[in-house]
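Reviewing the structure listed below.
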Amino acid sequence: MKRQFTFSKKPYVYIWLLLTMLIFAACSSPTLEPGVESSTELSTGDSQTQQSYPALEQPVEERTQSGYPGPNTPPIHPTPLPTLVPPPICDIKPPAEIAMSYAEENADFPVFSEPKIVATNNVGFSIAEWLPDSQRLLVSEGDGAFGTISTLDVTTGEMVEYARRRDVSGFPIWLDDIQGIMFVDATTEGWELQFSDGKELITLANELASVSITKDPASE
120 MKRQFTFSKK
130 PYVYIWLLLT
140 MLIFAACSSP
150 TLEPGVESST
160 ELSTGDSQTQ
170 QSYPALEQPV
180 EERTQSGYPG
190 PNTPPIHPTP
200 LPTLVPPPIC
210 DIKPPAEIAM
220 SYAEENADFP
230 VFSEPKIVAT
240 NNVGFSIAEW
250 LPDSQRLLVS
260 EGDGAFGTIS
270 TLDVTTGEMV
280 EYARRRDVSG
290 FPIWLDDIQG
300 IMFVDATTEG
310 WELQFSDGKE
320 LITLANELAS
330 VSITKDPASE
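Residue numbers (my numbering): 120 to 339.
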């Protein structure tokens with residue numbers, strides 16, 4: 120009796136419990152209306168997507184078969200290929216005929232005569248240069264210890280001696296203005312620069328450091 124009397128004195132407790140149960144029931148109940156609306160929106164979007172494609176102008180079968188000729192189309196005849204002409208037969212000439220025809224077509228080509236002996240010796244020749252008169256050569260003869268310097272006429276074979284020397288390792292040079300030669304010779308005092316016109320031998324310098332001498336091309 121004491122417990123019932125306590126609850127009757129506080130009726131707001133029952134009201135608070137009732138409100139709590141109602142709120143809990145409202146939160147836990149499922150909401151179906153938004154789901155229905157979303158499915159409706161999806162169906163509406165699908166219909167809009169399907170309606171965005173344009174309608175076909177003609178059936179697929181007609182478009183596929185339109186490139187083929189119909190039954191009443193006249194036949195297509197292939198274009199005939201041109202007649203191939205065989206290439207001409209090559210006229211192969213023997214080497215002798217080729218050489219003769221080349222010589223006839225190039226008349227300006229120089230033709231050399233058969234070689235002939237102009238001069239001989241037992242120690243050999245060393246050609247220094249071809250002289251400006253286009254007829255003589257400046258040559259050296261020797262065996263490595265002693266030798267001579269001469270001019271050789273290639274037409275007549277005449278040789279004119281200009282000087283004798285002990286060392287033949289260096290080449291002489293020709294001085295056309297004075298018709299003489301210049302060369303380096305070995306002496307007891309060393310290498311000397313000498314000049315000769317075929318008559319007189321003149322020493323120009325001594326104690327040279329080398330046997331090599333050159334001529335300025337502008338002096339010719």
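For each residue, glycine too, the CB sits at the ideal point set by N, CA and C. Note that the structure is a prediction, hence the values are computed from the model and not measured.
Item, Value
"Would you say the region 272-280 touches the region 290-300, given that touching needs at least three Cβ pairs under 8 Å?", "no"
"For T307, which of helix, strand or coil comes out of DSSP?", "coil"
"Based on Cα-Cα distance, which residue from N241, G261 and L257 lies nearest to A247?", "L257"
"Around the Cβ of Y281, are there at least 16 other Cβ atoms within 10 angstroms (buried) or fewer (exposed)?", "buried"
"Just list the residues that DSSP pairs L256 with in beta bridges.", "W249 and L271"
"Within a Cβ cutoff of 6 Å, which residues of the same chain sit near D262, ignoring the five residues on either side of it in sequence?", "V242"
"When DSSP labels each residue in this structure, what does L323 get in the three-state scheme?", "strand"
"Are the Cβ atoms of L294 and E311 separated by less than 8 Å?", "no"
"Ignore the nearest five residues each way along the sequence and tell me which others in P291's own chain have a CB closer than 6 Å to its CB.", "A247, I268, I300 and F302"
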